[in-house]
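In this text, residue positions in the sequence shown follow the working numbering: the first is 126, and each later residue adds one. Each residue gets a CB set at the ideal place from its N, CA and C atoms; glycine is no exception. Here is the structure we will look at.
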Amino acid sequence: MTAAKFQDRSLDPSINRVRKVGDIEVVACCDGILPSRVDVALGIDIAETERLTGVKAGETMWMSVNEYILKFGGKTGLIDTGAADRMYPSLGLLMDNLRKENVDPATIDYVFLTHLHPDHMYGLVGKDGAPNFPNAEVFIHEKEAGFWIDARPTGNPKVDGNQKQVERHLRDYRDRIRVVKDGEVAPGVSVMCCPGHSPGHSAWIVHSRGQSAIMWGDLIHLPNVQMAHTEVTTTYDLDGAMGARSRRRILDMCVADGINALGAHLEFPGFARVVRRGEGFGFEFDF
Ligand SMILES: [Zn+2]
């Protein structure tokens, strides 16, 4: 898919972006598209990755960057915040898209972060340097918070550079950060650590009246590859082998418990049902 087509899709008002999970309303939002390449896949022949994705090595592969609004019990939550204007010009649409959904960012009560990487947390801070969500509490898993916040330099430039960005983007939220453990943190909203991509990378599970859906952050970057071959990792993962174990565990859980997917990097709006396919998994779009 070309960038222009992808962008059209993310903004297409005819796409139904609203789902009900029991009593909880889930609205898909999009920050835009992020350029990537099939070369990021590790542990698989590049020719096979090209075949599965339809993208050639060296070519740009566009990934959607999705966020999800949750409306429950008179409260409004947001899972992940996009990249604002500090990553790629093809990102930074979330604030406009929230307003299109008639959600005033000042009325967001909770921000739930899957992890502290640029395309998921830069959007905490606006173009003017002020917090985008002035009244929200920000929920971060204790393992992710412990790794990035007030951490010592590690000598790994990928980590140390991001630590500085974490500091900058959380500065104005310091007294509103809620560091949480696995389990329910708000009525019908639970967090589950699925580490590997980052040490405290977490999924947010929405559950109500016997229905559930999971926003799994960066558990899957290349759906056509990593669903069938869960062992395939990417250069984005800090600990690929651990991430692969988390991927299989979460996908197994989705099938066993009938949990639908809200995919951060699945094609917008990212609603999908996980099914078993051979040794691996597949999707049925959507739910
Ligand atoms: Zn990501």
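Query: In the DSSP assignment, the alpha helix (DSSP H) including K306 goes from what residue to what residue?; Result: Neither: K306 is in no alpha helix (DSSP H) and is coded neither H nor E.
Query: Hey, how far is the Cα of C379 from the Cα of G217?; Result: 30 Å
Query: Rounded to whole angstroms, what's the CA-CA distance from A182 to E175? Just pull it up for me.; Result: 7 Å
Query: So, is P323 buried or exposed, given that buried needs 16 or more other C-beta atoms within 10 angstroms?; Result: As written in the sequence, residue 323 is Ser, which differs from the Pro given in the question. Buried, by the Cβ-count rule.
Query: Looking at C155 and F408, is the spacing between their C-beta atoms short of 8 Å?; Result: no
Query: For L249, name the three-state secondary structure that DSSP assigns.; Result: helix
Query: Could you work out which residue in G313, A353, P256 is closest to G335 when comparing CA atoms only?; Result: G313
Query: Taking its Cβ as the centre, do 16 or more other Cβ atoms sit within 10 Å of T201, making it buried, or is it exposed?; Result: buried
Query: Is it true that the CB of V399 sits closer than 8 Å to the CB of F410?; Result: no
Query: If you draw a straight line from the C-alpha of I204 to the C-alpha of V146, how long is it?; Result: 15 Å
Query: Enumerated in chain order, which unbroken segments of the beta strand (DSSP E) with a length of 3 residues or greater are wholly contained in the region 253-337?; Result: 262-266, 302-305, 308-311, 314-318, 327-333
Query: Closer than 7 Å by C-beta to Q351: which residues in its own chain qualify, once you throw out the five before and the five after it? Chain order, please.; Result: I345, V357, R372
Query: Give the DSSP-derived three-state secondary structure of T360 in the structure shown.; Result: coil
Query: Assuming L249 and H294 are in contact, meaning their beta carbons sit under 8 Å apart, how far apart are those beta carbons, in whole angstroms?; Result: 5 Å
Query: How big is the Cα-Cα spacing for D382 and R401?; Result: 13 Å
Query: Go to I375, then tell me how far its alpha helix (DSSP H) extends in each direction, as first and last residue.; Result: 365-382
Query: Verify the contact flag: H326, CB atom, against every heavy atom of ligand 1, threshold strictly below 7 Å.; Result: no
Query: What residue range does the beta strand (DSSP E) around G385 cover?; Result: Residue identity differs from the one stated: residue 385 is Asn in this sequence, not Gly. Its beta strand (DSSP E) spans residues 385-387.
Query: Applying the 10 Å Cβ sphere with the 16-neighbour rule, what's the burial state of A366?; Result: exposed
Query: If you drop the 5 nearest sequence neighbours on each side, which residues of the same chain put their C-beta closer than 7 Å to that of G368?; Result: G321, H322, T358, D362
Query: Using a Cβ-Cβ cutoff of less than 6 Å, which residues in the same chain neighbour P243 once the five nearest sequence positions on both sides are dropped?; Result: A208, M212
Query: Pick helix, strand or coil for G220, following the three-state DSSP scheme.; Result: Checking the sequence shown, residue 220 turns out to be Met, not Gly. Residue state, collapsed to three classes: helix.
Query: Would the region 177-193 and the region 253-264 be scored as touching if the rule is three or more Cβ pairs under 8 Å?; Result: no
Query: Under 8 Å by Cβ, that's how I've got W329 and T239 pegged, so tell me the actual separation to the nearest angstrom.; Result: 7 Å
Query: In terms of residues, what are the limits of the beta strand (DSSP E) holding T206?; Result: Premise fails: T206 is in no beta strand (DSSP E) and is neither H nor E.
Query: Hey, could you find the ends of the beta strand (DSSP E) I194 is sitting in?; Result: 186-197
Query: For I233 and A276, which I take to be in contact (beta-carbon distance under 8 Å), what is that distance rounded to the nearest angstrom?; Result: So it is not a contact: roughly 27 Å between Cβ atoms.
Query: Just tell me which of S337, L241, A231 has its CA closest to the CA of I274.; Result: L241
Query: Any chance the CB of H245 is under 7 Å from a heavy atom of ligand 1?; Result: yes
Query: Just confirm the distance between the C-beta atoms of K306 and E269, as a whole number of angstroms; I'd bet it's less than 8 Å.; Result: Not a contact, Cβ separation roughly 11 Å.
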